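Quick mapping for you: the protein sequence lines, in order, are chains A and B.
For the first sequence, the positions run 1 to 239 when the numbering used here is used.
For the second sequence, the positions run 1001 to 1217 when the numbering used here is used.
Note that beta-carbon positions come from the ideal geometry of N, C-alpha and C, so glycine has one too.
Here the structure is a predicted model, which is why all the values come from computation and not from measurement.
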Amino acid sequence: MIAEVRNLVKRYPSFELSEVSFCLDSGRITGFIGRNGAGKTTTIKAMLNLIHLDGGTVSFFGKPLAGNEAEIKKLIGYSTGTVSWYPRKKIRDIVDIVKRFYETWDEEIYRRYLDLFGLDETKTPLELSEGMKVKLNLLLALSHRCKVLILDEPTSGLDPFSRNEILEIFSKLKKEGVSVFFSTHIISDIEKCADDIVYISKGKIGAAMPLEDFVHQYSREGESLEDTMLRLEGGAFHA
Amino acid sequence: MHNILLKEMKLSASILSYLFILFGLMFLIPGYPILCGAFFVALGIFQGFQTAREANDIVFSALLPIAKEDVVKGRYLFVCLIEGCALILMALAVILRMTVFSRSSVYADNALMNANLFALGAACVIFALFNRIFVGGFFRTAYKLGRPFVLFIIAAFLAIAVAETLHHVPGLEWLNAFGTDYFAKQLILFLIGVIIFLGTTILSCRNACKHFEQIDL
């Protein structure tokens, strides 16, 4: 097991993340699915210690995140959708700072993905399209040889070709033993590349299991995954 | 800590944070409330906080492989670096006014506060107020800048008014002594100013680290 999320609780005035638990295994792709406002981003923020929890623990590589944050984060790659950091700084300048924090920064990997994504180092994030911002965040996450890649809606805003390109990268990383955890509301992305699925609804985990088992357990005869999810979200889990 | 300081300097800071260091040289202006120089240096740092907030700097920093409290420490370190540079300029101005320009009539006939060691100590107190009220106040939310800065403005100008008034109080004229007169007494006040700056900043940084752990980014 590469990461364990156990009994996460976070209370907001109008929303509660309740007893969220799941595990991530090495060399597997896990799709984190749920509708908007289900608690995906809150869970991911909790996994990165960006929010203060009311309960529960997060551990990576057998160590609790609390107290081992710096060490653990060196082994994690993180990317969030289209949020842009330092919109008026050149990509080259941002990268020049980021790489100093990682002993494992790999310039060759960085250059390779820079070319693959068609990013221009002399541009600023402000000059990038939404899709290119996603790629920039992904580039920063991939270039330091992380063991776990945590991505919040990495395929949102991307054209079908770029989405496919990113899903292929996930599959490649999986072969290298990297664990990929990505949130999405695009069910076809899960179908294409995920080994495991974590389904969250209204702040509660509805299912966390291998995708095959999920389909076997919840899908009806001839039903697509999308139809299954729509039916489940309609009330089956919380009835 | 070296890397996070570098990040503060190259990515988070506004160019104004650096340019406004030059306001430390306001200590050379005769007939002017020179402690306003310290206020303008703080204004430059405030501008840097605004720029950083627009760039999502705090979340970016919190995602770097560092302990969350190092985000706060890095920012405090940067603030102290700017304040330290300004204090060096102010100290140079004090040295010039106490030596080379000690006989200059524009300085000798100065009705306002003279640039001496007491003034330098008072500048340290202004920076201490900034670090406690503004920087500490900012890290209660990591995004609200207005309220802590307004509170700092009020505190800073009250402090400036007090410092400008004190040497008019009978018996305290030596606070405005020119040249090397009352050097020892003023040196003690300067050292007290430095101690207030260091003590306040360290305590404020510790509190800010605690608050920062509790807030949601």
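Length of the line joining the Cα atoms of residue i and residue j
i         : j         : result
B/Ile1045 : A/Pro125  : 24 Å
A/Asp189  : A/Gly31   : 8 Å
B/Leu1016 : B/Tyr1076 : 17 Å
B/Gly1179 : B/Leu1191 : 18 Å
A/Ala236  : A/Thr184  : Model confidence at A/Ala236 stands at a pLDDT of 48, short of 50, so the residue's coordinates are unreliable; what they give is reported in the following sentence. About 21 Å.
A/Ile44   : B/Leu1158 : 46 Å
A/Val198  : A/Ala208  : 4 Å
A/Ile2    : A/Glu226  : 28 Å
A/Asp96   : B/Lys1007 : 10 Å
A/Glu233  : A/Gly203  : 12 Å
B/Leu1151 : B/Tyr1107 : 32 Å
B/Phe1134 : A/Arg163  : 44 Å
A/Ser84   : A/Leu140  : 12 Å
B/His1002 : A/Met132  : 31 Å
B/Leu1011 : A/Asp54   : 33 Å
B/Ile1126 : A/Glu107  : 45 Å
A/Gln217  : A/Pro210  : 11 Å
B/Phe1023 : A/Tyr113  : 45 Å
A/Ser171  : A/Gly67   : 32 Å
A/Ile109  : A/Ser143  : 6 Å
B/Tyr1143 : B/Ala1208 : 13 Å
B/Leu1005 : B/Lys1068 : 14 Å
B/Val1169 : B/Ala1155 : 21 Å
B/Ala1013 : B/Leu1166 : 36 Å
A/Tyr86   : A/Leu128  : 12 Å
B/Asn1056 : B/Ala1062 : 10 Å
A/Leu158  : A/Gly37   : 21 Å
B/Phe951  : A/Pro13   : Given a span of 1001 to 1217 for chain B in the structure shown, any question on residue 951 of chain B remains unanswerable.
B/Val1186 : A/Glu130  : According to the sequence as given, residue 1186 of chain B is Gln; it is not Val. Going by the C-alpha atoms only, they are around 59 Å apart.
A/Ser26   : A/Gly39   : 24 Å
B/Val1071 : B/Ile1058 : 7 Å
B/Cys1036 : B/Phe1183 : 23 Å
B/Leu1175 : A/Gly56   : 58 Å
B/Gly1146 : B/Ser1102 : 41 Å
Listed by chain order, chain A residues near residue i by CB distance under 7 Å
i         : result
B/Gln1236 : In the structure as shown, chain B begins at 1001 and stops at 1217. Residue 1236 of chain B is therefore absent and cannot be evaluated.
B/Ala1055 : Trp85, Tyr86 and Pro87
B/Lys989  : In the structure as shown, chain B starts at 1001 and stops at 1217, and residue 989 of chain B therefore has no counterpart that could be examined.
Under 9 Å from the C-beta of residue i: neighbouring residues of chain A
i         : result
B/Asn1207 : Correct list: empty, because the minimum Cβ distance to chain A is about 16 Å.
B/Val1194 : Within chain A, no residue comes near B/Val1194; the closest Cβ sits about 32 Å away, beyond 9 Å.
9 Å Cβ cut-off: residues of chain B touching residue i
i        : result
A/Ala38  : The contacting residues do not exist; A/Ala38 stays about 18 Å from chain B at best.
A/Arg100 : His1002, Asn1003, Leu1006 and Lys1007
A/Lys74  : Pro1065
Amino acids of chain A, ordered along the chain, whose beta-carbon sits closer than 8 Å to that of residue i
i         : result
B/Leu1005 : Going along chain A, no residue has its Cβ under 8 Å from B/Leu1005, so there is no contact; the nearest lies around 11 Å.
B/Leu1217 : Lys45, Leu50 and Ile51
B/Val1106 : Those do not exist, as B/Val1106 stays about 43 Å from chain A at its closest Cβ, beyond 8 Å.
Contacts that residue i makes with chain B (C-beta to C-beta distance below 8 Å)
i       : result
A/Thr70 : Looking at the sequence itself, residue 70 of chain A is Ala, so the reference to Thr does not match. Those are Pro1065, Ile1066, Ala1067 and Asp1070, listed as they occur along chain B.
Interface partners of residue i on chain B, CB under 7 Å
i        : result
A/Tyr218 : Chain B residues near A/Tyr218: none, gap ~33 Å exceeds 7 Å.
Margin query: Closer than 8 Å is the cut-off here; do at least three beta carbon pairs connect the stretch 148 to 167 of chain A with the stretch 67 to 85 of chain A?
Written below: The stretch 148 to 167 of chain A, when compared against the stretch 67 to 85 of chain A, does touch it at the 8 Å Cβ threshold.
Check: For the 8 Å Cβ check, are there 3 or more pairs between the stretch 165 to 176 of chain A and the stretch 3 to 16 of chain A?
Finding: The stretch 165 to 176 of chain A vs the stretch 3 to 16 of chain A: no contact.
Notebook entry, point to check: What are the residues of the stretch 1061 to 1075 of chain B that lie near chain A, defined by any Cβ-Cβ distance shorter than 7 Å?
Noted result: Taking 7 Å as the cut-off between beta carbons, the residues of the stretch 1061 to 1075 of chain B near chain A are Ala1062, Leu1063, Leu1064, Pro1065, Ile1066, Ala1067 and Lys1068, in sequence order.
Next item on the list: Using a Cβ-Cβ cut-off of less than 8 Å, give me the residues of the stretch 1109 to 1123 of chain B that come near chain A, in sequence order.
Entry: If the cut-off is 8 Å between Cβ atoms, the stretch 1109 to 1123 of chain B has nothing near chain A.
Checklist line | Stretch pair the stretch 1002 to 1017 of chain B + the stretch 1088 to 1105 of chain B: three plus CB contacts closer than 8 Å | finding: Output reads no: the stretch 1088 to 1105 of chain B does not touch the stretch 1002 to 1017 of chain B.
Check: Can you list the alpha helix (DSSP H) stretches of 4 or more residues lying completely in the stretch 1042 to 1122 of chain B, in chain order?
Finding: Entirely contained in the stretch 1042 to 1122 of chain B, the alpha helix (DSSP H) runs reaching 4 residues are, in chain order, 1057 to 1063, 1068 to 1098 and 1105 to 1108.
Item checked: Length-filtered (4 minimum) alpha helix (DSSP H) runs lying within the stretch 13 to 51 of chain A -> Complete alpha helix (DSSP H) runs here, min 4: 40 to 47.
Item checked: Complete beta strand (DSSP E) runs within the stretch 75 to 152 of chain A (minimum length 3 residues, chain order) -> The stretch 75 to 152 of chain A contains these whole beta strand (DSSP E) runs: 76 to 80 and 148 to 152.
Check: Taking the runs of the beta strand (DSSP E) that are 3 residues or longer, which of them lie wholly in the stretch 179 to 229 of chain A?
Finding: If we require 3 residues or more, the beta strand (DSSP E) runs fully inside the stretch 179 to 229 of chain A come out as 179 to 184, 196 to 201 and 204 to 210.
Margin query: For the pair the stretch 1076 to 1085 of chain B and the stretch 1033 to 1053 of chain B, tell me if three or more CB-CB distances fall below 8 Å.
Written below: Judged by Cβ distances under 8 Å, the stretch 1076 to 1085 of chain B makes contact with the stretch 1033 to 1053 of chain B, as three or more pairs qualify.
Next item on the list: With 9 Å as the C-beta to C-beta threshold (strictly closer), list the residues of the stretch 99 to 120 of chain A near chain B in chain order.
Entry: Those would be Arg100, Phe101 and Tyr102, in chain order.
Check: How about the stretch 13 to 23 of chain A and the stretch 62 to 78 of chain A: do they share at least three Cβ pairs that are nearer than 8 Å?
Finding: No contact exists between the stretch 13 to 23 of chain A and the stretch 62 to 78 of chain A.
Next item on the list: With 8 Å as the limit, tell me which residues of the stretch 194 to 208 of chain A have their beta carbon closer than that to any beta carbon of chain B; keep them in chain order.
Entry: Of all residues in the stretch 194 to 208 of chain A, none has a Cβ within less than 8 Å of some Cβ in chain B.
Notebook entry, point to check: Quick one: any contact between the stretch 115 to 130 of chain A and the stretch 38 to 57 of chain A, if contact means 3 or more CB pairs under 8 Å?
Noted result: The stretch 115 to 130 of chain A makes no contact with the stretch 38 to 57 of chain A; the number of CB pairs closer than 8 Å stays below 3.
Notebook entry, point to check: Taking Cβ-Cβ distances below 8 Å as the criterion, which residues of the stretch 1037 to 1051 of chain B are in contact with chain A?
Noted result: Those would be none; no residue qualifies.
Next item on the list: State whether the stretch 1131 to 1145 of chain B contacts the stretch 1200 to 1213 of chain B, with contact taken as three or more CB pairs (one from each stretch) at a distance under 8 Å.
Entry: Taking a cut-off of 8 Å for Cβ pairs, the stretch 1131 to 1145 of chain B and the stretch 1200 to 1213 of chain B touch, as three or more such pairs fall below it.
Notebook entry, point to check: Would the stretch 1029 to 1040 of chain B and the stretch 1095 to 1114 of chain B be scored as touching if the rule is three or more Cβ pairs under 8 Å?
Noted result: Two segments are said to touch when three or more pairs of C-beta atoms, one from each, lie closer than 8 Å; by this definition the stretch 1029 to 1040 of chain B touches the stretch 1095 to 1114 of chain B.
Notebook entry, point to check: Quick one, which residues of the stretch 1156 to 1186 of chain B are near chain A if we go by CB-CB under 9 Å, in chain order?
Noted result: For chain A, none of the residues of the stretch 1156 to 1186 of chain B brings a beta carbon within less than 9 Å of one of its beta carbons.
Note to self: Against chain A, which members of the stretch 1126 to 1160 of chain B pass a CB distance test of less than 8 Å?
What the structure shows: Under the 8 Å Cβ criterion, the stretch 1126 to 1160 of chain B contributes no residue.
Checklist line | Within 7 Å of chain A by C-beta, residues of the stretch 1076 to 1102 of chain B in sequence order | finding: The stretch 1076 to 1102 of chain B vs chain A, Cβ under 7 Å: nothing.
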